[in-house]
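Asks: Protein chains in written order, with my numbering: chain Z, 1 to 387; chain D, 1001 to 1387.
All C-beta atoms, glycine included, are put in the ideal place defined by N, C-alpha and C.
I'd like to ask you about the structure that follows.
Number of protein chains: 2
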Amino acid sequence: MTSKVRLGIIGLGAQGSMYAKFITDGLVPNMEIGAIADRDPAKAAVAEAEYGLPFFENYLDLLDSGTVDAVVTCVPHYLHPEIGINALARDVHALVEKPAGVYTKQVAELNAFAATKPELTFGIMFNQRNNPLYIRIKEIVDSGEIGKIRRTNWIITTWWRPQGYYDQSEWRATWGGEGGGVLVNQAPHQLDLLQWICGVPKSVYAKVAYGFRRNIAVEDEVTAVVDYGDGATGVFVTATHDLVGTDRFEILGDQGKIVVEGSKTATVTRLVKPERELSDGMGIDEVRQLFTGRLNIAELYTQEIIEFDSAWGAQHSGVLQNFAANILDGTPLLAPGSDGINGVRLANAIHLSSWKGQEVPLDFDEDEFLAELNKRIREEGTFGERG
Amino acid sequence: MTSKVRLGIIGLGAQGSMYAKFITDGLVPNMEIGAIADRDPAKAAVAEAEYGLPFFENYLDLLDSGTVDAVVTCVPHYLHPEIGINALARDVHALVEKPAGVYTKQVAELNAFAATKPELTFGIMFNQRNNPLYIRIKEIVDSGEIGKIRRTNWIITTWWRPQGYYDQSEWRATWGGEGGGVLVNQAPHQLDLLQWICGVPKSVYAKVAYGFRRNIAVEDEVTAVVDYGDGATGVFVTATHDLVGTDRFEILGDQGKIVVEGSKTATVTRLVKPERELSDGMGIDEVRQLFTGRLNIAELYTQEIIEFDSAWGAQHSGVLQNFAANILDGTPLLAPGSDGINGVRLANAIHLSSWKGQEVPLDFDEDEFLAELNKRIREEGTFGERG
């Protein structure tokens, strides 16, 4: 292998074109584009004229061409697992776009196959894991600085999408073509970060609004209550109809609290002792002082504000670079591909809970989910069933 | 009647003493203290020495004494309806403390009795309704400025209470003595404001943590998802174990949004048109501009920051003054007593949902709730059953 990884871009839509630009602009020094594949033959001219690169209508031909060491899957979500498996089967490293797939059953197949190819690099484009703010927050939580997690609360409604966005193409915001709405398209980043930082819940209860404020079949608003199984719970809210959206993530631990605003600024509170010790150590006199405003509880904690500048594109190009570095020299992956299943599982559980009107475990029956999804695909009548 | 209402304070604990001080300090110009009642005979000396006032161990004697025109009920929550009814039955105006009671059945009895005495003033101490910020927010919502409400989200965890607070007296934080935890003691203000401003939900699903971070039988943490029945939903989170608590209330409407921080500052966003019109009116070119950062959505709304200074005690003394004014000249009540049932009903529904592990309607079976409550009182074994 040369010192640069030759990437095949499968799907030259908005996302694929963006990655191509990052690479040709030199933002990913250890990567070059090897070839491009797209089902639309009209993209051949673009590949030729803009990049002077080999072009394939069928991505399998790209995989067999010998022009690439790795691929990235910039195609509708349902196809990510299939393309990932076909790439790895041909000893081509695979970077799948988020979400890893639409239903866990297909993602589990991808993960199982990838496990048989440990010598290959299998990553997922969770670019938010490359946000230095979230990296720092994960460090703080993992180090135990704020203690055991007791509550999480994320409102992420900065995903405003007008109707015209949904009307761009036939597959978008359909059950058969896209497999869901905000949960599978916009919020996978937060569904991943939440679990990456705070752990995987045991169960979820959700209210999901389908075609609530948009003329679509799938969900444009979600309210989910997660249960981590150890007393800790959390709330996750997302929507695509809030023009001036909120992005506020709160993590309460036994010994501190983190409040992230706009994925840009975090206020980290560290208690001088575990909260329960502070509570138990307070005598009746101090309780009286507390209620008469004579106890200064600000002495019981310190606060730090963390803020990072972030350049547009740095997150995505950083994931590309990290993926290439893992191929070239074994640099640990920021986002191993096998982690992709967590976000898909939580999204599936949220859908399933809303369909059943009850709390569901995260190890729900995958066949039941797929049957419910296929019921909606059948009723829609535009695309074939899955699975 | 004189130009001042003579108030009987029933219960000279922390709250009753505070009201006495407000009145003797002249913060309530249209009110004076007529008499004091407390089950603790030791309080007689306090009443005599500090206030030079008639004292009664039995509140019924106070009601019959002719020394008061009105009473306020500063006693454990279970007693509010009974005292309210006994006062009104003797043609004494009644201001009940929040919550109006512990279970809706007893509050409904109070409301039904009060309805037979329309000539008397029946109020409830919802002092937060006298917060100028919430008054202004209610005006904005009622006037339709932000359109129909689509989402609400209140995290109110500024109710930090150390263990010593719960250990102060035998009845506190018990099923039989207090009837609940944060829902019946601390959060009734927000349970009221939420419904006063945003309307009464149709159903609720809740996760409630009992004795989670405190050594108590009742709840110290609540996560509730409310459903307004018209597509709108909301989240309500409260807890007593967050030392550096959050108070953040978000209301999303069709044509705007209000975010209240710390019950002190509100950011009011007003869209230039209803959100759905803005969404539908955006052509494919504008959608492309949006995704390439060339569309300035800030032109689609205006923002206003609202902030009020609030003096300590002004809220409570204002409610006392308004209650007296209603008696004296018919000034409309800020908080009619009959409104108290809404907060109790929502608290009961939250408890019931957590006990049943499922969503419950707000018009739940009141007998079922009372049976569940009595089951917990029996198991506790300290106090008698209710109802």
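Taking beta-carbon pairs under 8 angstroms, can you tell me which members of the stretch 258-286 of chain Z lie near chain D?
Replies: Hits within the stretch, in order: Val-259, Thr-269, Leu-271, Glu-275, Arg-276, Leu-278, Ser-279, Asp-280, Met-282, Gly-283, Ile-284 and Glu-286.
Asks: Determine, for Asp-1242(D), whether the minimum Cβ-Cβ distance to residues of chain Z falls below 8 angstroms.
Replies: Asp-1242(D) counts as touching chain Z.
Asks: For the alpha helix (DSSP H) containing Asp-1040(D), name the first residue and the last one.
Replies: From DSSP, Asp-1040(D) is part of no alpha helix (DSSP H); its letter is neither H nor E.
Asks: Beta-carbon separation of Phe-1122(D) and Gly-1337(D) under 8 angstroms?
Replies: Result yes, Cβ atoms of Phe-1122(D) and Gly-1337(D) sit closer than 8 angstroms.
Asks: Quick one: is the Cβ of Leu-1007(D) within less than 7 angstroms of any heavy atom of the ligand MN?
Replies: This structure lacks the ligand MN; in fact it carries no ligand of any kind.
Asks: If you draw a straight line from the C-alpha of Asp-1091(D) to the C-alpha of Gly-199(Z), how long is it?
Replies: Cα to Cα, Asp-1091(D) sits roughly 60 angstroms from Gly-199(Z).
Asks: Could you tell me which of Ala-94(Z), Asn-153(Z), Val-28(Z) and Ile-33(Z) sits nearest to Val-71(Z), measuring between CA atoms?
Replies: The candidate whose alpha carbon is nearest that of Val-71(Z) is Ala-94(Z).
Asks: Per DSSP, what are the beta-bridge partners of Leu-405(Z) in this structure?
Replies: Past the boundaries of the shown model lies residue 405(Z); chain Z is included only from 1 to 387, so the question cannot be answered.
Asks: When the Cα atoms are used, what is the spatial distance from Thr-1265(D) to Gln-1255(D)?
Replies: Roughly 20 angstroms between the two C-alpha positions.
Asks: Say whether chain D places a C-beta atom closer than 8 angstroms to the C-beta of Tyr-205(Z).
Replies: Cβ-Cβ to chain D under 8 angstroms: yes for Tyr-205(Z).
Asks: Going straight from the alpha carbon of Thr-1157(D) to that of Arg-1288(D), what length do you get?
Replies: Cα-Cα distance, rounded: 41 angstroms.
Asks: Return the residue from the list Thr-1269(D), Asp-1227(D) and Asp-1280(D) that minimises the CA-CA distance to Thr-1302(D).
Replies: If we check each option's Cα against that of Thr-1302(D), Thr-1269(D) comes out closest.
Asks: Where in the stretch 1223-1307 of chain D do unbroken runs of the beta strand (DSSP E), each at least 3 residues long, occur, reported from the N-terminal end onward?
Replies: With a minimum length of 3 residues, the continuous beta strand (DSSP E) runs that stay inside the stretch 1223-1307 of chain D are 1233-1239, 1247-1253, 1256-1261, 1265-1271 and 1301-1307.
Asks: Taking 8 angstroms as the cut-off, decide whether the C-beta atoms of His-1080(D) and Ala-1108(D) are in contact.
Replies: Result no, Cβ atoms of His-1080(D) and Ala-1108(D) do not sit closer than 8 angstroms.
Asks: Can you confirm whether the stretch 109-117 of chain Z touches the stretch 130-148 of chain Z when touching is taken to mean that 3 or more C-beta pairs between the two stretches lie within less than 8 angstroms?
Replies: At 8 angstroms Cβ cutoff, the stretches do not touch.
Asks: Over the uninterrupted beta strand (DSSP E) stretch that includes Leu-7(Z), give me the two end residues.
Replies: Run containing Leu-7(Z): 5-10, per the beta strand (DSSP E) assignment.
Asks: Which same chain residues, not among the five before or five after Ala-1347(D), have their C-beta less than 8 angstroms away from its C-beta?
Replies: So the qualifying residues of the chain are Pro-1099, Gly-1180, Leu-1183, Val-1184, Ala-1187, Pro-1188 and Leu-1191.
Asks: Per DSSP, what kind of secondary structure is Arg-1090(D) in: helix, strand or coil?
Replies: Arg-1090(D): coil per DSSP, three-state reduction.
Asks: Which one or two residues does DSSP pair with Pro-1361(D) in a beta bridge?
Replies: In DSSP, Pro-1361(D) forms a bridge with Ser-1203(D).
Asks: If you run the structure through DSSP and keep just helix, strand and coil, what is Arg-136(Z)?
Replies: Of the three classes helix, strand and coil, the one that applies to Arg-136(Z) here is helix, per DSSP.
Asks: So, is Ser-1317(D) buried or exposed, given that buried needs 16 or more other C-beta atoms within 10 angstroms?
Replies: Per the 10 Å Cβ criterion, buried.
Asks: Got a sec: is the Cβ-Cβ distance from Val-182(Z) to anything in chain D below 8 angstroms?
Replies: It does not: the Cβ of Val-182(Z) has no partner Cβ on chain D nearer than 8 angstroms.
Asks: Sorted by chain position, which residues of the same chain lie with C-beta nearer than 7 angstroms to Leu-194(Z)'s C-beta, five sequence neighbours on each side aside?
Replies: So the qualifying residues of the chain are Thr-152, Trp-154 and Phe-236.
Asks: What three-state label does DSSP hand Pro-1162(D) in the structure shown?
Replies: Here Pro-1162(D) sits in coil by DSSP.
Asks: Distance, Cα to Cα, Val-1319(D) vs His-1077(D)?
Replies: Rounded to the nearest angstrom, the two C-alpha atoms are 19 angstroms apart.
Asks: Using DSSP bridges, identify the partner residues of Arg-1172(D).
Replies: Arg-1172(D) pairs with nothing; no bridge assigned.
Asks: Using beta carbons (cut-off 8 angstroms, strictly below), is Gly-1231(D) in contact with chain Z?
Replies: Yes, because at least one Cβ of chain Z sits closer than 8 angstroms to the Cβ of Gly-1231(D).
Asks: List the residues of chain Z whose Cβ lies closer than 7 angstroms to the Cβ of Asn-1153(D), in chain order.
Replies: The contacting residues are Ile-155 and Val-237.
Asks: Could you say which of Ile-137(Z), Asp-64(Z), Gln-168(Z) and Arg-129(Z) lies nearest to Gly-13(Z) if we only look at CA atoms?
Replies: For the residues Ile-137(Z), Asp-64(Z), Gln-168(Z) and Arg-129(Z), the minimum Cα distance to Gly-13(Z) belongs to Gln-168(Z).
Asks: So Phe-212(Z) contacts chain D; which residues on that side make the cut at Cβ distance below 7 angstroms?
Replies: What Phe-212(Z) touches in chain D: Gly-1231.
Asks: Below 9 angstroms on C-beta distance, what does Tyr-301(Z) contact in chain D?
Replies: Per Cβ cutoff of 9 angstroms: Leu-1243 and Val-1244.
Asks: In whole angstroms, give me the CA-to-CA distance for Thr-1267(D) and Val-1260(D).
Replies: Each residue's Cα considered, the two are about 6 angstroms apart.
Asks: May I have the straight-line CA-CA distance separating Asp-227(Z) from Ser-203(Z), to the nearest angstrom?
Replies: Their Cα atoms are separated by approximately 5 angstroms.
Asks: Compute the Euclidean distance between the alpha carbons of Ala-209(Z) and Glu-219(Z), then round it to the nearest angstrom.
Replies: So the alpha carbons of these two residues sit roughly 5 angstroms apart.
Asks: With 16 other CB atoms within 10 Å as the buried threshold, where does Gly-1357(D) fall?
Replies: With fewer than 16 other Cβ atoms within 10 Å, it is exposed.
Asks: Measuring alpha carbon to alpha carbon, tell me which of Glu-368(Z), Gly-381(Z) and Leu-334(Z) ends up nearest Pro-132(Z).
Replies: Of the candidates Glu-368(Z), Gly-381(Z) and Leu-334(Z), the one whose C-alpha sits nearest the C-alpha of Pro-132(Z) is Leu-334(Z).
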